[in-house]
Each structure stands twice: as structure tokens, then as C-alpha cells.
Amino acid sequence: MPYAARMSWTDRFAFFSATDLGALVLLTLAWLGIGFWIENSGEHRPSVSKIMARYRMAWMHQMVTRQPRIFDSQVLGNLRQSAAFFASASMIAIGGGLALLGNAEKLLGVANDLTLENDPLIVWEIKVLVIILFLSNGFLKFVWSLRLFGYCAVLMAAVPNDVDDPAAYPLAAQAGRINITAARSFNRGLRSVYFALCSLAWIMGPEALIGATVFTFVVLWRREFASESRGVLLQNSEV
1 MPYAARMSWT DRFAFFSATD LGALVLLTLA WLGIGFWIEN SGEHRPSVSK IMARYRMAWM
61 HQMVTRQPRI FDSQVLGNLR QSAAFFASAS MIAIGGGLAL LGNAEKLLGV ANDLTLENDP
121 LIVWEIKVLV IILFLSNGFL KFVWSLRLFG YCAVLMAAVP NDVDDPAAYP LAAQAGRINI
181 TAARSFNRGL RSVYFALCSL AWIMGPEALI GATVFTFVVL WRREFASESR GVLLQNSEV
């Protein structure tokens, strides 16, 4: 049995410096923290995701009186295509990462050229594994988002065509809530992809990972709380 296979996780992490471990902790906290901040933003300063949730509910409300509802099905179809595209892309990236783990000697040569350090192979394998974990989480979120959009399509089809039917608006509200849940899962998948790309910087050292983590966090914060598109979305106060 190879020596690396006999090592415990404590032995594996002994190859990493305190800066490496601190960068990894920062990466995890940034990923969890920005997600919590976006999804639990207050009404005084809502995130783009929160604002779009209101528009999704307004969409379902307008759908009740729209005849025919071809436009609504086309919009939902586009949302499902986006989720399917990112799920496929994540799966391909995961396959590439696993292939890289199976041929890690080539990664070792490239990584040593970038960092001018002679770390053991297990160090680079763990760094790639972190990227794969983020991609795997993103893949699962995209697949679940795709399924939820499918549920939403069924609920939309169940909304009666008769506006006066007492079940029309309650069913539309249910479809809206499922749509919001699907979008939340899709956004979580996107954030995982962002931080997977961020994790690539670890190959160049812990300082690069810290810088990439801070940069990714700021980019996500700006897009959700300080972007021009957010200002446009807030112009309609009736939603």
C-alpha cells in the first residue's frame, strides 16, 4: 500500500503551513458568509436575489390573467436551460479535476514551476480536491434547481384559466414560492462555481488564495448590493 494511502488526515495536513490552513478557513467562511448575507439581507438593503424574488412573485400573479401563457412557459424554459447548462459544465469540470488527480505528476511539475516550491504530491492533490468539492456542490445545486423549475412548470399548468376560480391565485403563489426556491438553489450553485475558480489560486500559494478569496467576496457583494442593475431593479417600488 502506498505511503500516502496509509497517512491519516492529520498527517496530510501537517504538510500545510499555518498560512495555508488560515487561507482555507477564510475561503470557507467567505463562501458561507456571503451566501448567508445575500439570502438573509434586510428589507432596508435587500440583495438582488431578494429583489428578484419579489419580481418572481409578481410574475406568477400576472400569469393568472395572461392569455395565452406561452410567454410564461418560454421564460421558464430559458431558466431551466440555464440550470441544465451549468449542471453540464460543472460535470465536465469535475471530470477534468478527477482526471487531473489520476495523473497528478503533471500537475506537480506545473505547480512547482509556478510556486518554486517542492511540496509533496499529496499537497497538490488536496488543493485540486478542494476545487472538485466546490464544483460538486455547484453541480448538485444546479440539478436540484432544474428539478424545482420542473415542479414550478407543473404548478403553473395547474393554475386555472378562470380568474374568478378561488384556487387560481393561491396556486400561482405556490408556483412563485417554488420558483424562488429554484432560483435560490441556482444562485448557490453559481457561488460554488465562483469559489471553485477562486480556489485555483491556491496552486500559486496561500497568499494568492487569500487575495482571490477577498476579491471574489467583494465581487459577489458588489453585484448583490451595489451594482447598477440593482439600482434599476429598485426603481419600481410597486413590486
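At position 79 of the sequence shown (counting the first as 1) the number is 79 in the working numbering, and the numbers step up by one without a gap.
In this text, a Cβ means the ideal position worked out from N, Cα and C, and glycines have one as well.
Practice task
Report the three-state DSSP secondary structure of Met1 (helix, strand or coil).
Solution key: Per-residue confidence for Met1 stands at a pLDDT of 42, beneath the threshold of 50, marking its modelled position as unreliable; no derived number is given.
Handout entry: For Lys61, three-class secondary structure by DSSP
Key = First, the amino acid is wrong: residue 61 is His here, not Lys. Helix.
Practice task
Consult DSSP for Val130 and reduce its assignment to one of helix, strand or coil.
Solution key: Reduced to three states, the DSSP call for Val130 is helix.
Exercise for the section: Would you kindly work out how many angstroms separate the C-alpha atoms of Ala23 and Gly205, rounded to a whole number? Expected result: 9 Å
Exercise for the section: Please say whether Ala84 and Leu155 have beta carbons closer to each other than 8 Å? Expected result: no
Exercise for the section: Below 8 Å on the Cβ atoms is my guess for Glu43 versus Arg184; work out the distance and round it to an integer in Å. Expected result: So it is not a contact: roughly 17 Å between Cβ atoms.
Exercise for the section: Give the secondary structure of Ser47 by DSSP, where H, G and I count as helix, E and B as strand, and everything else as coil. Expected result: Here Ser47 sits in coil by DSSP.
Problem - Limits of the unbroken alpha helix (DSSP H) element including Ile70 - result: Ile70 to Gly102
Practice task
Answer with buried or exposed for Phe186, where buried requires no fewer than 16 other C-beta atoms within 10 angstroms of its C-beta.
Solution key: buried
Exercise for the section: Measure the Cβ-Cβ separation of Ala87 and Ile180 and say whether it is below 8 Å. Expected result: No, these two residues do not count as a Cβ contact at 8 Å.
Problem - 8 Å contact criterion, which Ser90 and Gly35 should meet: CB distance rounded - result: Rounded to whole angstroms, the Cβ separation of Ser90 and Gly35 is 17 Å, and the two are not in contact under 8 Å.
Exercise for the section: Would you decide whether Glu224 is buried or exposed? Buried here means 16 or more other CB atoms lie within 10 Å of its CB. Expected result: buried
Handout entry: Same chain only: Cβ atoms within 6 Å of Leu209, ignoring 5 sequence neighbours per side
Key = Ala23, Ala201 and Trp202
Handout entry: DSSP-derived helix/strand/coil call for Met120
Key = Inspection of the sequence shows that residue 120 is occupied by Pro rather than by Met. Coil, per DSSP.
Problem - CB of Leu135 within 8 Å of CB of Gly102, strictly - result: no
Exercise for the section: Helix, strand or coil for Leu234, going by three-state DSSP, please let me know. Expected result: Here Leu234 sits in coil by DSSP.
Practice task
Determine, using beta carbons only, whether Met63 and Val159 come nearer to each other than 8 Å.
Solution key: yes
Handout entry: Anticipated Cβ contact below 8 Å, Leu234 with Ile51, distance rounded
Key = 7 Å
Exercise for the section: Determine the direct distance from the alpha carbon of Pro68 to that of Ala172, and round the result to whole angstroms. Expected result: 15 Å
Handout entry: 6 Å Cβ shell around Ser192 - same chain, five flanking residues per side excluded
Key = Phe134, Asn137 and Gly138
Handout entry: Neighbour-count burial assignment, Val130, 16 or more Cβ in a 10 Å radius
Key = Under this definition Val130 is a buried residue.
Handout entry: C-alpha distance - Phe16 paired with Leu121, whole-angstrom precision
Key = Looking at the two C-alpha atoms, the distance is approximately 12 Å.
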